[in-house]
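What follows is a single structure, written as structure tokens, with notes after it.
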Amino acid sequence: MDCDTNLVKIDTKTKGMLDKYLSDNQLSTASRIEIAGPMSDEDVVLLGKYIRSHSNITSIDLKSVTNLTSVDHNAFEKCKALEQVILPLSIKRIGDHAFDQCTNIKALELPDTVEIVGDRSFSGCENLESINIPHNVSYIGIGAFYGCYKLTDVKVAPANNRYENRGGVLFDNVDKTLVRYIQTKQLEKVFTTPEGVVHIGNYAFDGCKGLVSVIVSEGCTDLGERSFTKCNELIKISLPASINNLDYNAFDDCDALEEIIVDHQNETYQSMRGVLYSKDMRTLKICPKSKKSPFFFPETIEVVDEGAFSGCKNIKSVVLPNNTKDIKAKAFYNCERLESINIPTSLESIGDFGFANCHNLKKIMVYSSNPPKCGVSPFAGVDQKNCLIIVPIDAEIEFRKDYGWDSFENIEESINLTIGSNFTFTRRVGLKLKRFILTHFNK
């Protein structure tokens, strides 16, 4: 150990033996670690474990380490006190999640030898402001900079044949992918993607502040998973005729989003009042998160797509049109103010978690005597003791024994939902007797 009481300085002789040189006692008062000599992947993982358990350690210097070619997967994950990392010149690969949630790192210099930056390798580094992409880097993984909300300086080596900083975005010239929008210190309100972008990658714009409007240039074909998530000020996005694929959660947590506009020549999608539909208007694809009740469905809608209304916090009631056949998975997930649903006779199925986390749901009116088939936990998080299910006459028993509906305590029959029936006095008395028997039996 060095005479500096804040520094632990080690010269290893053999790789795989770091535990022989480091101890908890040594690290209890240190804030810095310097290591020289050979290290193995296991040594790096052990070093990360030591740092996680000693919140006083803020700096590690590995520049004199030899023979180490990678920072292994998850090696320094959640080392939240770590502020500075100096990597050895032998490093070729930054593993998946290697620095995930290292929330105090502000700048990182990657050695010229680095070739691979793994998936989510720097995700959650919320204070990371600058990083370089060396000329040898040939792969940057999915979500490598997810959650890096302060990243404003990405220097790409001019000799790099694959990546470049093009018009304020990190661009992959091989896959024609916009990897990451680089938030400038001067916040932009309107941004147009550079020409040549074919794909907008997963998490590409996540957490970008200041953006009010984004125009996606012609030639782009798809928006990746959570590509615009947490763009809290985004109001409008304009999509070109070339777009043919959008991930359903591309706009997660975009609570201000009002309009998704699509070029009228697009052959896959069209928009109406800012809502995204399939071109044939049979599928509702995405409803912007800021839409309010009452929400009017076109009568042509047959499918409410996966996650279509997910996170729409201002929708209080849903009246599905008479042609609706299918509610896909998570279609109304987290609609926290949703109070009532009208389900037509045409509905055949409700997908996994279709209405999950709709905590304020109080009433569901189902016009069909046949319960729509349910996927996994369609009403998880709904108050199933107090939410009232209203069904047609003679349908209660079927609903009480059908998966997804059987967990509701309050299921009532209503003449108003029974279409085309003529009820005599005798029939009405019989229904009241049935109600008494069912209620008594359920107790």
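Residue numbering for the sequence shown follows our numbering, starting at 1163 and increasing by one per position. Just so you know, even glycine gets a beta-carbon here, dropped at the ideal spot from N, CA and C.
- Query: In three-state DSSP terms, what is Gly1330?
  - Reply: Here residue 1330 refers to the residue found at position 168 of the sequence shown. Correct three-state label for Gly1330: coil.
- Message: On the DSSP letters alone, give me the boundaries of the alpha helix (DSSP H) that Gly1199 sits inside.
- Response: Taking the first residue of the sequence shown as 1, we reach residue 1199 at position 37. Careful: Gly1199 lies outside any alpha helix (DSSP H), inside the beta strand (DSSP E) at Arg1194 to Pro1200.
- Item | Under the three-state DSSP convention, the category Asp1281 falls into | Position 119 of the sequence shown holds residue 1281. Coil at Asp1281, not helix or strand.
- Query: Can you name the start and end residues of the beta strand (DSSP E) that Ile1552 belongs to?
  - Reply: Against the sequence shown, residue 1552 aligns to sequence position 390. Element bounds for Ile1552: Leu1550 to Pro1554.
- Message: Less than 8 Å between the beta carbons of Ile1304 and Asn1364, yes or no?
- Response: The residue you call residue 1304 lines up with position 142 of the sequence shown. The residue you call residue 1364 lines up with position 202 of the sequence shown. Yes, Cβ-Cβ distance for Ile1304 and Asn1364 is below 8 Å.
- Would you decide whether Cys1165 is buried or exposed? Buried here means 16 or more other CB atoms lie within 10 Å of its CB. Taking the sequence shown and counting its residues from 1, one reaches residue 1165 at position 3. Because Cys1165 sits at a pLDDT of 49, beneath the cut-off of 50, its placement in the model cannot be relied upon, and the following sentence gives the value as read from the coordinates. Cys1165 should be labelled exposed.
- Message: Need the endpoints of the beta strand (DSSP E) that Gln1432 sits in, please.
- Response: If you number the sequence shown from 1, residue 1432 lands on position 270. Here the beta strand (DSSP E) through Gln1432 covers Tyr1431 to Met1434.
- Item | Best match in Ala1366, Ser1404, Ile1397 and Thr1391 for proximity to Thr1383 [C-alpha to C-alpha] | Here residue 1383 refers to the residue found at position 221 when the sequence shown is read from its first residue. Looking at the Cα atoms, Ser1404 is the closest of the given residues.
- Run the CB neighbour count on Arg1435, radius 10 Å, all protein chains shown included, and call it buried at 16 or more, exposed below. Here residue 1435 corresponds to residue number 273 of the sequence shown, with the count starting at 1. So Arg1435 ends up on the exposed side.
- Near Asn1168, which residues of its chain fall below 8 Å by C-beta distance, leaving aside the five closest residues on each side in sequence? Residue numbering aside, residue 1168 sits at position 6 when the sequence shown is read from its first letter. Contacts found: Thr1191, Ala1192, Ser1193 and Arg1194.
- Sort out for me which residues DSSP pairs Leu1246 with in a bridge. Sequence index remark: in the sequence shown, residue 1246 carries index 84 (1-based). Checking the sequence shown, residue 1246 turns out to be Gln, not Leu. For Gln1246, which the question treats as bridged, DSSP gives the partners Ser1221.
- Task: Entirely within the segment 1291-1316 and at least 3 residues each: give me those beta strand (DSSP E) ranges in chain order.
- Result: 1292-1295
- Do you know offhand how far Asp1368's Cα is from Arg1388's? The residue given as residue 1368 occupies position 206 in the sequence shown. The residue given as residue 1388 occupies position 226 in the sequence shown. Those two C-alpha atoms are separated by around 7 Å.
- Quick one: what does DSSP say Leu1189 is sitting in, helix, strand or coil? Taking the first residue of the sequence shown as position 1, residue 1189 is located at position 27. Correct three-state label for Leu1189: helix.
- Item | Alpha-carbon to alpha-carbon, Val1437 and Lys1525 | Residue numbering aside, residue 1525 sits at position 363 when the sequence shown is read from its first letter. Residue numbering aside, residue 1437 sits at position 275 when the sequence shown is read from its first letter. Between Lys1525 and Val1437, the C-alpha separation is close to 26 Å.
- Task: Out of Ser1569, Asp1442 and Glu1560, point me to the one whose CA is closest to Thr1428's CA.
- Result: As a working mapping, residue 1428 is identified with position 266 in the sequence shown. According to the sequence as given, residue 1428 is Asn; it is not Thr. Of the listed residues, the one whose Cα sits closest to Asn1428 is Asp1442.
- Go ahead and label Val1341 buried or exposed: buried means 16 or more other beta carbons lie within 10 angstroms of its beta carbon, across all protein chains shown. Along the sequence shown, read from residue 1 onward, the residue named residue 1341 stands at position 179. That one is buried.
- Task: Report yes if the CB atom of Cys1497 is closer than 8 Å to the CB atom of Ala1470, and no otherwise.
- Result: Residue numbering aside, residue 1497 sits at position 335 when the sequence shown is read from its first letter. Residue numbering aside, residue 1470 sits at position 308 when the sequence shown is read from its first letter. No, the pair does not count as a contact, with Cβ atoms beyond the cut-off.
- Span separating the alpha-carbon of Asp1234 from that of Glu1204: The residue labelled residue 1234 in the question sits at position 72 within the sequence shown. The residue labelled residue 1204 in the question sits at position 42 within the sequence shown. The alpha-carbon atoms of Asp1234 and Glu1204 are separated by roughly 8 Å.
- Item | Neighbourhood of Met1201 by C-beta distance below 6 Å, restricted to the same chain and skipping five residues each side | Here the question's residue 1201 lines up with position 39 in the sequence shown. Result list for Met1201: Lys1177, Val1227 and Leu1230, in chain order.
- At least one CB of chain C closer than 8 Å to the CB of Ser1404: is that the case? Chain labels in this structure do not include chain C; a single protein chain is all it has.
- Alpha carbon of Asn1406 to alpha carbon of Lys1490, nearest angstrom: As a first step, residue 1406 must be located in the sequence shown, where it is residue number 244. As a first step, residue 1490 must be located in the sequence shown, where it is residue number 328. Taking the straight line from one Cα to the other gives about 19 Å.
- Query: Using DSSP with H/G/I as helix, E/B as strand and the rest coil, what is Leu1209?
  - Reply: On the sequence shown, residue 1209 is found 47 positions in, with the first residue counted as 1. The answer is helix: DSSP assigns Leu1209 an H, G or I state.
- Message: Measuring only the C-alpha atoms, how far is Cys1310 from Ser1508?
- Response: If you number the sequence shown from 1, residue 1310 lands on position 148. If you number the sequence shown from 1, residue 1508 lands on position 346. Using only the alpha carbons, I get a separation of about 46 Å.
- So what's Ile1253 in DSSP terms, helix, strand or just coil? Start at 1 with the first residue of the sequence shown, and residue 1253 comes out as number 91. Three-state result, Ile1253: coil.
- Do you know how far the Cα of Ser1433 is from the Cα of Cys1474? Locating residue 1474 in the sequence shown gives position 312, counting from the first residue. Locating residue 1433 in the sequence shown gives position 271, counting from the first residue. Each residue's alpha carbon lies about 17 Å from the other.
- Message: As a quick exercise: from Tyr1343, Leu1500, Lys1487 and Asp1409, pick the residue whose alpha carbon is nearest that of Glu1620.
- Response: Beyond the ends of the chain as shown, which are 1163 and 1605, falls residue 1620; an answer cannot be given.
- Taking C-alpha atoms, which residue in Ala1269, Ile1295 and Gly1286 lies nearest to Val1279? The count along the sequence shown starts at 1 and reaches residue 1279 at position 117. It is Ile1295.
- Same chain, Cβ closer than 6 Å to Gly1537, neighbours up to 5 away in sequence not counted: Here residue 1537 corresponds to residue number 375 of the sequence shown, with the count starting at 1. Here the set comprises Gly1513 and Asp1514.
- Query: Cys1106 to Val1480, Cα distance in whole Å?
  - Reply: Nothing in the structure corresponds to residue 1106, since the chain is present only between 1163 and 1605.
- Task: Would you mind stating whether Glu1501 and Leu1523 have Cβ atoms separated by less than 8 Å?
- Result: Position 339 of the sequence shown, counted from the start, is the residue given in the question as residue 1501. Position 361 of the sequence shown, counted from the start, is the residue given in the question as residue 1523. A contact, by the Cβ cut-off of 8 Å.
- Take Arg1324 as the anchor and find which of Asp1568, Lys1242, Lys1338 and Lys1182 has the nearest alpha-carbon. Reading the sequence shown from its first residue, position 162 is the one you call residue 1324. Looking at the Cα atoms, Lys1338 is the closest of the given residues.
- Query: Is Leu1579 helix, strand or coil when you go by DSSP?
  - Reply: Stepping through the sequence shown from its first residue, residue 1579 is reached at position 417. In this structure, Leu1579 counts as helix in the three-state DSSP scheme.
- Message: One question on the structure: do Tyr1495 and Asn1519 come within less than 8 Å of each other, judged by their Cβ atoms?
- Response: The sequence position of residue 1495 within the sequence shown is 333, counting from 1. The sequence position of residue 1519 within the sequence shown is 357, counting from 1. For Tyr1495 and Asn1519, yes; Cβs fall inside 8 Å.
- Which partner residues does Ala1269 have in the DSSP bridge list? As a position in the sequence shown, residue 1269 is number 107, starting the count at 1. According to DSSP, Ala1269 bridges with Ser1292.
- Query: Are Val1247 and Glu1277 closer than 8 Å when you measure CB to CB?
  - Reply: Here residue 1247 is taken as the residue at index 85 of the sequence shown, counted from 1. Here residue 1277 is taken as the residue at index 115 of the sequence shown, counted from 1. No, the Cβ-Cβ distance between Val1247 and Glu1277 is not below 8 Å.
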